[in-house]
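Colleague: What follows is a single structure, and I will ask about it in a moment.
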Amino acid sequence: MTAGQLLAVTATPQAIVTWLKLVSDQSWADTFWAGQPILGECGSLVGVGVDGAAKGAVVGKTGTSADVEPVSGRLVLARSAGN
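Encoded structure:
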C-alpha cells in the first residue's frame, strides 16, 4: 500500500457473527462490549434511532475510517464527532 491509499477490510456477515461469538467467550468480552456504540445513546450511533423502539438495545460498530498521512507515513484513524 502506498501513502494516501485508503485501507479497506471487509468480511462476510457470517464471519462477523462467528467473530462476535468468539469475542463473547473471552475474558475481556465485557470490556469489548462496553466500548461499542449504542444506538441512540453514545458513540457513532448517538444520533441514530433516537426515537425508535431499538434505542439502547442495539450495540454496533459502523466502521473505522483510516488513511495514511502522506508526509509521515503514519496511520490516521478518523473518528465521528459522537465518539
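Under the working numbering, the first residue of the sequence shown carries the number -8, and numbering increases by one thereafter. Glycine residues also receive a C-beta, built at the ideal position from the N, C-alpha and C atoms. Keep in mind the model is a prediction, meaning the values are calculated, not measured.
(1) Does the region 44 to 52 come close enough to the region 21 to 30 to have 3 or more Cβ pairs within less than 8 Å?
(2) Please confirm whether Lys52 has its beta-carbon closer than 8 Å to some beta-carbon of chain C.
(3) Locate the alpha helix (DSSP H) running through Lys12, then write down its first and last residues.
(4) According to DSSP, simplified to helix, strand and coil, what is Asp42?
(5) For Gly43, is the classification buried or exposed, using 16 other Cβ atoms within 10 angstroms of its Cβ as the cut-off for buried?
(6) Please state if the CB of Val14 and the CB of Ala6 are separated by a distance shorter than 8 Å.
Modeller: Judging by the given coordinates:
(1) Verdict: yes, contact present.
(2) The structure shown contains no chain C, having only a single protein chain.
(3) Sequence index remark: in the sequence shown, residue 12 carries index 21 (1-based). Counted as a single uninterrupted DSSP element, the alpha helix (DSSP H) harbouring Lys12 occupies residues Pro4 to Ser15.
(4) Residue mapping note: residue 42 aligns to position 51 of the sequence shown, counting from 1. Residue state, collapsed to three classes: coil.
(5) One-based indexing of the sequence shown puts residue 43 at position 52. Exposed, because fewer than 16 other Cβ atoms sit within 10 Å of the Cβ of Gly43.
(6) Within the sequence shown, residue 6 is the residue found at index 15, counting from 1. Within the sequence shown, residue 14 is the residue found at index 23, counting from 1. At the C-beta level, Ala6 and Val14 stay beyond 8 Å of one another.
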